[in-house]
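Numbering (the working numbering), first residue to last: 3 to 193. For every residue, glycine included, the Cβ atom is placed at its ideal position computed from N, Cα and C. To start, the structure under review is shown below, and the notes come after it.
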């Protein structure tokens with residue numbers, strides 16, 4: 003919905019920046035990570051039209067599995083943000099984030115609250131941006147930041163479990179830095 007209000011020029015800016023980031027990151031990681039690509043050999047099963055009951059069963063089981071693992075973290079994140087709001091820590095956090103949001107990203111100060119909410123669930127962040135009076139290019143910049151932004155708390159916890167604390171936090175901090183750096187550079191060019 004937010005993208006629909008921005009217009010074609012803003013969406014072109016968004017698309018170019020995100021595609022450029024994908025190409026840049028994949029090239030850098032290809033150069034940095036050791037090892038070689040192996041040929042991909044897959045035995046393909048016999049192709050046939052999927053059965054509706056199999057699709058529904060798999061969708062049900064995977065949805066339940068995801069909800070069992072993620073819903074706890076969504077609750078923890080929402081509780082954490084709620085406690086931060088009650089104790090005043092949310093205002094302190096957004097206070098430190100506001101100069102970056104206003105001066106670097108050229109967005110309204112209220113956008114910093116949306117970015118904090120985006121750490122709980124990314125769509126919470128986008129919903130927070132929806133009610134702000136943004137120009138089309140501000141919409142493009144905010145969507146770039148939200149897209150490159152840190153994963154939601156449930157994804158972050160799964161990442162910590164799979165990658166370990168050190169690598170997980172490195173990815174988390176890097177996502178913050180990259181999202182705000184690319185968003186700010188885009189704002190310097192288009193706003």
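query, result
"From what residue to what residue does the alpha helix (DSSP H) around residue 74 run?", "54-89"
"Following the continuous alpha helix (DSSP H) through residue 117, name the residue where it begins and the one where it ends.", "113-120"
"For a quick check, are the C-beta atoms of residue 141 and residue 8 less than 7 Å apart?", "yes"
"Measuring alpha carbon to alpha carbon, tell me which of 134, 151, 137 ends up nearest residue 117.", "151"
"Pull up the distance between the alpha-carbon of residue 113 and that of residue 41, whole angstroms please.", "45 Å"
"Of all the alpha helix (DSSP H) runs that stay within the bounds of the segment 122-160, which reach a length of 4 or more residues?", "124-132, 138-150"
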